[in-house]
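Contents: one structure, followed by commentary.
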Amino acid sequence: MSDYCGCVNRNVSRRHFLTKTSLGLGTVGLASLLDPLNLVMAGQASDGAPGGASLAGVLPAPHFPPRAKRVIYLFQSGAPSQLETFDHKPLLQERNGEELPDSVRQGQRVTGMTAAQKSFPVTGAQFEFAQYGQSGAWVSELMPYTADIVNDLCFVRSMHTEAINHDPALTFFQTGSQQPGRPCFGSWLSYGLGSLNHNLPTFCVLLSRGSGRKNAQPLYSRLWESGFLPSLHQGVQFRSSKDPVVYLNNPDGVDERSRRRVLDALGKIHEIAYKEEEDPELRTRVAQYELAFRMQTSVPDALDVEGEPDHIYDMYGPESRVPGTYAANCLLARRLAERGVRFVQLYHVGWDQHGDLPKEIRGQSRDVDQPSAALVMDLKQRGLLEDTLVIWGGEFGRTNYCQGELTKNNYGRDHHPRCFTIWMAGGGVKSGLVYGETDEYGYNIVSNPVHVHDLQATLLHLLGIDHERLTFRTSGRRLRLTDVHGKVVHDLVA
Amino acid sequence: MPPRPHSTGGRETPDTPPLQKLNSKSSIAVVLGLFALFAGLVIVDRSEPPQWLLFLGSFHVLLIHFPIALLLLTLAAEVASRFLDDSRALQRAATLILFVAAGSAVLAAGAGFLFSLQGGYQDRLLSWHKWLGLSVTAGAVAALVLRDASAKLERRGSKAIERAYLAVLTITVVGVATAAHLGASLSHGTGYFSRHMPPVLRSMMGISATGGSAVQIVDLDSAVIFKDLVEPVLQRRCVTCHGESKQQGSLRLDSAEGIGHGGESGRLVVAGKPDQSEIVRRTTLPLYDKERMPPDGEEPLLVAETEIIRWWIAEGASFERTVAETASVPPPVQTVLNRLSGPPEERKRGVYALEIAAPDPAVVDRVQKKLGIELRVIAEGLPLLEANVSRRKNPVRPADVEQMRPLFPQIAWLDLAYSRLDRGVLPLLAEMPHLSRLYLQGTNITDEDLSKLGSLKFLEHLNLYGTPVTDKGLKYLAELPNLQSLYLWQTRVTEEAASKLQQGLPQLVVNLGAAPPPSSPEGSEE
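Chains as they are written, first to last, in the working numbering: chain C, 17 to 510; chain L, 608 to 1133.
Structure below.
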């Protein structure tokens, strides 16, 4: 009886049991997975130890020589208007206030927020545009510093997405699916390529608040969660304050040696539990304990922004001295990337200008323009831009017609997934390029559309990964960041 | 009484065990069975065999395993009994085993003959299998008779008969193995045995390396659609049953004639009309459909594979047309083409294009474990490594680098940033002939050290930012023919020296840093 109970009490989940028992068959199957004749679907990178708590990536080597080793993603949450920043449409300014012709919208649906509007007056940007650099890219007066570095940038004006609301759209950008539950980009990288510096997290998240719109859309921590991947691969959120990581010092009476002993003992206990229950999360937990221990010494060095010289602060702008701002986060991102953090995810919220656009977007642009440009320049002078990919952009675009009342000095723009602009720099991306084009009303894409899945496939490609071959088997099939879509946009690759 | 090959004591008492009786009489039955079999070969009408005979033939697949296993077991028992002190039990068992072996051989051969009437097999291979199978059956029966005789003859002449028995048994076992191999070739295709044979073994046995690895197409445009794309799919997935050794449904897909001729059902290929072509229809049916090819229990073709076939037919089903001559390439096919056209552009350049031996895994392992130096393969299929020796707590000593010596030819990317380098490290770097990216920012390297780097003809990226190098050291870099990017921010290098270096190396981009004044020329932008 006691034997029987012992057997039942083991907390082996059904799925885990099935996974374990099929391991034998899996080994046999491995031969066919490794079959070089397999034309299209290369096998799922085998997970190896069920613990999965290894800091090495699951891919024994990248599929291609990587152009980028690190990513800094400057996410502009809330969706910045492309029409006020990088997608210059003089026609809108010319026809400001006129009704949007049906031939442009072609009966396409609009969001619930403006569907009830009786009229859709086209709305021109109230900002001056000029052309810069070798590519002649149009940049508005809102982004003077960005305008200075256009020769290092690659603008994609033909981005489009499927989601129309913030959270699904963000989730789509991060995970390739509008429904939550899939791993996000940084987690896939951590899982596939592993850590570059075992003393720091592979995937860090830095948040900042915009000065344009105070009551901004919230962000959920699942935007940096690892979904079905081992939770070792989730993003580590830093606090937006003077001490981004707290409790780095040992409490009184605890020294490093005793802490080490505690961790060793904990490790043993967890290993015993692992042998009993075979829950991979146990090993993840130990790996996280150990990382936290190493971070006690590595983080103070990585986050020691005080040591930065004045001329660097000057580059990033005055706000870079204020912890928790976008500018300070940009500087921090550079320091983390320099030390081998693979994926630094910044979020700057407050770009959701349904109304009061001219005023709000000024504040938002001021927040991000100088620090973003400084980050690119700073990486460049350090030789890091060659293998660090910087991406700037939001989750969708904004409409060419006005939401709410269009007055002489004020207007708003609704969500618009059919076209928007992002820019990228470094990491094997073609510099000085403007890619894709929208119609003269800035409503639909007329050439070289780039879907979110295409962008994801391209980013993975630059990181040396074939997006079709970085997969994880769960729920009965191999899942990947780009789901069953995505094609690499080779035109963007240098 | 079973035969005793060598005297290990007194002979057996004459009381006859029941087994031997069974043996004697039943041997005769088996022999008669064999005659019936030969008679059957002559009598049965092969052109129109009755249905029930064909049904019985299917039992060949089941029965055949008995004689194979039991004949081997008989030989094993005979061998083993010669090493035992008291082998009577084993001898008796061997008698029974041989009897069942011979009996089942007769049945299996009979069923096999009927099975062959179902048709669809290559004549030559089948005839070899058939006659060898019959010989094996005859051999098994002969062995049974000889064993019987040797037991009966007691002393006189038993030695000679016993030798004959053992010889016949051994030959039969060799025969059964060969016949089994031929049989497997019939059902699984002629190459089944060598298909996944390791290349070493393959070359030892003199088997050419066919079908083992993906075809690499060197020049995509001149690739022939059929030969380079369609045929490999057919070879891999179809010809086992529709090829040389077997022609299910009277269909052969291993030659242009066979494909042109088609099979029993429908028009296999209708040039220009993939949707009317039987091969497309059958391979794209849903999984549960009985008509689907490859049949039940086999993996279906991959989408890319069916798309390739469809594309080939749409483009006229020509056996000569090249990729360049096609009207359009559908996206799934393009994906395959990209894969087959070999490594991406990036790999064909610089050090990636060199033939370098793969790194020794033992050394890689040792360096990682002993020195804590992280080594990564740059990309799958490339022998090149990147080594991370950056931000080390302790100074990097020449002895450490020396330990990596066996990997010097493979190290292409080396990161020493922010580590302290002891004297003597830099000259060692010059011995890594294939270095293409070298990160030395924040190190203590000097002008003199730079003079050592002149031999690195593949060096493309050199980061010297934050080091004490000056204009003096810069002139040594003029010897680096492939240098493309050089980072000199926060060094004592002047703009004049940098632009002078740049003049000599037109492809080089020197970065002296953005600060100070933002308007200052920042090396070159592109």
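Built from N, CA and C at the ideal position, the CB exists for glycine as well. It should be emphasised that the depicted structure is a prediction, and the values quoted were computed from it without experimental measurement.
- In the DSSP annotation of this structure, the continuous segment of the beta strand (DSSP E) that includes C170(C) starts and ends at L169 to H176.
- Between V781(L) and G746(L), the C-beta gap is not smaller than 7 Å, which leaves the two residues out of contact.
- Interface criterion met: the Cβ of P81(C) is under 7 Å from a Cβ in chain L.
- A Cβ-Cβ distance of about 6 Å is found for the pair A318(C) and L352(C), placing them in contact under the 8 Å criterion.
- Taking S119(C) as reference, the option from Y457(C), R493(C), S463(C) and V504(C) with the minimal CA-CA separation is Y457(C).
- Between the alpha carbons of V1076(L) and L1047(L) lies a distance of about 11 Å.
- Between S852(L) and G796(L), the C-beta gap is smaller than 7 Å, which places the two residues in contact.
- Your pair R358(C) and S211(C) checks out as a contact, with CB atoms roughly 7 Å apart and the cut at 8 Å.
- Using a 10 angstroms sphere on the CB of F91(C), the tally of other CB atoms reaches 16 or more, which defines it as buried.
- Ranked by Cα distance from E1086(L), the first of K1059(L), Y1072(L) and L1014(L) is K1059(L).
- Cβ proximity to chain L below 7 Å picks out M393, K396, Q397, R398, G399 and E402 from the region 383 to 403 of chain C.
- At least one CB atom of chain L sits nearer than 7 Å to the CB of A77(C).
- With respect to the 7 Å criterion, Y89(C) and L223(C) are not classified as neighbours on the basis of their beta carbons.
- I1052(L) has a beta carbon lying at 7 Å or more from every beta carbon in chain C.
- For R1044(L), no alpha helix (DSSP H) encloses it; the enclosing beta strand (DSSP E) starts and ends at R1044 to Y1046.
- Going by DSSP, H788(L) is part of the alpha helix (DSSP H) stretching over S765 to H795.
- Put simply, of V668(L), K1079(L), Q1097(L) and N1070(L) the residue whose alpha carbon is nearest the alpha carbon of L1115(L) is N1070(L).
- Taking all protein chains in view, the Cβ of V450(C) is crowded by 16 or more other Cβ atoms within 10 Å, so the residue is classified as buried.
- Taken in chain order, the members of the region 473 to 491 of chain C whose beta-carbon sits within less than 7 Å of a beta-carbon on chain L are G480.
- Non-local C-beta neighbours of A72(C) in its own chain, meaning closer than 7 Å and more than five positions away in sequence, comprise G210, ordered along the chain.
- Spanning the alpha carbons of W204(C) and L721(L) requires a straight line of approximately 58 Å.
- Shown here, A709(L) sits in a helix according to DSSP, grouped into three states.
- In the DSSP assignment, Y290(C) falls within the alpha helix (DSSP H) that extends over E272 to E293.
- Of the candidates G409(C), W439(C), E114(C) and R398(C), the residue whose Cα lies closest to the Cα of F171(C) is W439(C).
- Not a single CB atom of chain C sits nearer than 7 Å to the CB of G647(L).
- Comparing alpha-carbon positions, the option among N995(L), G717(L) and T929(L) lying closest to K85(C) turns out to be N995(L).
- If you draw a straight line from the Cα of R859(L) to the Cα of Y799(L), it is about 18 Å long.
- Three or more beta-carbon pairs separated by less than 8 Å link the region 99 to 118 of chain C to the region 140 to 148 of chain C, which places the two stretches in contact.
- Secondary structure note for M1039(L): it is in no beta strand (DSSP E), with a DSSP letter that is neither H nor E.
- Within the region 121 to 156 of chain C, the runs of alpha helix (DSSP H) at least 4 residues long that lie entirely inside it are, in chain order, 128 to 131.
- A contact between stretches requires three or more CB pairs, one per stretch, nearer than 8 Å, and the region 634 to 642 of chain L fails this requirement with the region 678 to 693 of chain L.
- The contact set of Q1048(L) on chain C, defined by CB atoms closer than 8 Å, consists of R398 and G399 in chain order.
- Separation of the CB atoms of G323(C) and S256(C) is rounded to 20 Å, and the pair is thereby denied contact status at 8 Å.
- Between the beta-carbon of L827(L) and that of V943(L) there is about 11 Å, and that puts the pair past the 8 Å contact cut.
- Using a Cβ-Cβ cut-off of 7 Å, W1096(L) counts as an interface residue toward chain C, since at least one Cβ of chain C sits closer than that to its own.
- Judged by beta-carbon spacing, T404(C) lies beyond the 7 Å limit of G452(C), meaning their Cβ atoms are not closer than that value.
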